[in-house]
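Engineer: With the numbering used here applied, the sequence shown covers 78 to 401.
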Amino acid sequence: MIDRLGRNIDYLRVSVTDRCDLRCIYCMPEEGVPPKCHDEILRFADIERICRQAARLGIRKIKITGGEPLVRRRVEELIRTLKAIPGIEQVTMTTNGVLLADKLQTLIDAGLDAVTVSLDTLDRSRFSRITRRDELANVERSIRAVMEDGRLPLKINCVPMTEQDPADLAAVAAFAKEHPVHVRFIEMMPIGLGKDCGFLSEEQLIERLEPFTGILVPVQEQLGNGPAHYYRADGYTGRIGFISAVSHKFCSGCNRIRLTADGFLKSCLQFETGEDLRPALASGSEELLAEAIEKAIRKKPAGHHFDERDAAGAEHRIMSQIGG
Ligand code: SAM
Ligand code: SF4
78 MIDRLGRNID YLRVSVTDRC DLRCIYCMPE EGVPPKCHDE ILRFADIERI
128 CRQAARLGIR KIKITGGEPL VRRRVEELIR TLKAIPGIEQ VTMTTNGVLL
178 ADKLQTLIDA GLDAVTVSLD TLDRSRFSRI TRRDELANVE RSIRAVMEDG
228 RLPLKINCVP MTEQDPADLA AVAAFAKEHP VHVRFIEMMP IGLGKDCGFL
278 SEEQLIERLE PFTGILVPVQ EQLGNGPAHY YRADGYTGRI GFISAVSHKF
328 CSGCNRIRLT ADGFLKSCLQ FETGEDLRPA LASGSEELLA EAIEKAIRKK
378 PAGHHFDERD AAGAEHRIMS QIGG
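#1: Kindly examine ligand 1 and report whether one of its heavy atoms sits closer than 8 angstroms to the Cβ of Ile263.
#2: Taking the beta carbon of Arg201 as the centre, do at least 16 other beta carbons fall within 10 Å, making it buried, or is it exposed?
#3: So, for Ser195: in the same chain, excluding its five sequence neighbours on each side, which residues have a beta-carbon less than 6 angstroms away from its beta-carbon?
#4: Going by C-alpha to C-alpha distance, which of Leu277, Ala132, Val148 sits closest to Thr94?
#5: Between Thr208 and ligand 2, is the CB less than 8 angstroms from at least one heavy atom?
#6: Cβ-heavy atom distance between Ala197 and ligand 1 below 8 angstroms?
#7: For ligand 2, any of its heavy atoms closer than 8 angstroms to the Cβ of Asn173?
#8: Residues in the same chain with beta-carbon distance under 6 angstroms from Leu184, minus the five sequence neighbours each way, listed in chain order, please.
#9: Please work out which residues of its chain come closer than 6 angstroms, Cβ to Cβ, to Leu177, disregarding the five sequence neighbours upstream and downstream, and give them in chain order.
#10: Answer with buried or exposed for Gly303, where buried requires no fewer than 16 other C-beta atoms within 10 angstroms of its C-beta.
#11: Does any residue of chain B have a CB that is nearer than 9 angstroms to the CB of Ala253?
#12: Does the beta carbon of Asp98 fall short of 8 angstroms from some heavy atom of ligand 2?
#13: Drop a sphere of 10 angstroms on the beta-carbon of Ile79, count the other beta-carbons inside from all chains shown, and report buried for 16 or more, exposed for fewer.
#14: Which class does Ile283 belong to by DSSP, given the choice of helix, strand or coil?
#15: Beta carbon of Thr198, beta carbon of Val260: below 9 angstroms?
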């Protein structure tokens with residue numbers, strides 16, 4: 078569907094749970110999120126209904142996210158169902174990777190098209206400090222499993238922090254050296270707990286990475302469905318990408334909407350604007366559901382105001398409740 082500013086909205090992020098087995102300091106509080114009761118979280122059948130209507134309105138790609146999507150039981154069944162919806166071309170997932178190695182075969186069998194693993198550091202003590210869990214070995218095991226298996230395209234997403242050792246950032250980037258893996262650095266966004274963390278801009282990151290990677294040369298390739306832009310480094314098989322929502326605002330090309338685990342369809346990452354789809358779901362009417370989705374898309378703001386700390390209407394949810 079084309080929104081009122083001419084943007085083609087064809088990408089839906091679906092958060093299947095707000096729970097997580099990690100506690101990244103910029104995303105989730107140490108104590109986790111207050112557990113929602115079973116009834117508050119959308120059932121797979123509801124997610125399917127929403128995605129069917131979204132596909133009729135022009136959604137072509139779905140990203141399964143969380144919280145941590147792999148802690149939701151039988152998420153592979155949802156993937157299989159969504160893949161069968163007419164119009165849906167691609168179902169991908171973003172995960173912290175802790176459980177991925179064990180679930181890889183089931184996810185591939187279900188038809189998952191690609192996976193993104195979030196990995197901020199390769200330093201075990203730093204990983205434990207950032208995520209508050211000692212799980213780096215499992216994440217690395219998963220990344221190796223995906224690479225060795227070779228069937229699932231892999232990206233790695235890293236949210237660097239200001240004080241992070243450049244050699245550590247370069248170690249994450251080095252996954253792109255030997256393997257056809259794209260490593261993307263995401264600027265910390267001032268959403269939820271991220272408001273209190275500084276961010277490294279794309280230019281600062283390039284300055285820190287180049288002593289290790291050599292000159293990063295911009296390439297014009299479109300690799301994926303999002304706003305990342307990419308560079309190549311000599312001797313690297315994969316690309317180094319940047320998602321620079323703060324320093325290089327990309328809202329004029331934004332193609333996405335986001336469904337929270339409790340059924341709210343968000344039209345912008347930063348704002349609460351959107352539609353609660355639960356009344357339409359409860360009505361049993363697919364027509365009302367489609368109308369509610371259209372309404373959320375029609376309300377999509379022109380862009381974020383990350384530069385205003387307390388922008389009117391800004392989101393109260395934390396990132397683990399939105400899904401990134
Ligand atoms: N648990 C999964 C994971 O970590 O990939 C999926 C959900 S997580 C919220 C999705 C992505 O959002 C992760 O790559 C995470 O690093 C990123 N993220 C969380 N808070 C952020 C923030 N304030 N700014 C930028 N990215 C953030
Ligand atoms: Fe969990 Fe992902 Fe948030 Fe980390 S970034 S706490 S892994 S939801």
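Where is the CB? At the ideal position from N, CA and C, for every residue including glycine.
Small disclaimer: the values here were computed from a predicted structure and weren't measured.
Structural biologist: In short:
#1: As a working note, residue 263 is residue 186 in the sequence shown. Yes, ligand 1 has a heavy atom inside 8 angstroms of this Cβ.
#2: Residue mapping note: residue 201 aligns to position 124 of the sequence shown, counting from 1. Classification for Arg201: exposed.
#3: Translated into positions along the sequence shown, residue 195 becomes position 118. So the qualifying residues of the chain are Asn173, Asn234.
#4: The residue given as residue 94 occupies position 17 in the sequence shown. The shortest C-alpha separation from Thr94 is found at Val148.
#5: If you number the sequence shown from 1, residue 208 lands on position 131. Answer for Thr208: yes, Cβ within range of ligand 2.
#6: Residue numbering aside, residue 197 sits at position 120 when the sequence shown is read from its first letter. As written in the sequence, residue 197 is Asp, which differs from the Ala given in the question. It does: the Cβ of Asp197 is within 8 angstroms (strictly closer) of some heavy atom of ligand 1.
#7: Within the sequence shown, the letter at position 96 stands for residue 173. Yes, ligand 2 has a heavy atom inside 8 angstroms of this Cβ.
#8: Position 107 of the sequence shown, counted from the start, is the residue given in the question as residue 184. Counting only Cβ-Cβ distances below 6 angstroms, and skipping sequence neighbours, we find Glu153.
#9: Here the question's residue 177 lines up with position 100 in the sequence shown. Excluding residues within five positions, the ones whose Cβ falls inside 6 angstroms are Ser219.
#10: Taking the first residue of the sequence shown as 1, we reach residue 303 at position 226. Gly303 counts as buried, since no fewer than 16 other beta carbons sit within 10 angstroms of its beta carbon.
#11: The chain labelled as chain B is not found in the depicted structure, where only one protein chain is given.
#12: Residue mapping note: residue 98 aligns to position 21 of the sequence shown, counting from 1. Flag set: Cβ of Asp98 near ligand 2.
#13: As a working note, residue 79 is residue 2 in the sequence shown. Answer is exposed; the Cβ neighbour count stays below 16.
#14: As a position in the sequence shown, residue 283 is number 206, starting the count at 1. It is helical.
#15: Along the sequence shown, read from residue 1 onward, the residue named residue 198 stands at position 121. Along the sequence shown, read from residue 1 onward, the residue named residue 260 stands at position 183. No, they are not a contact pair.
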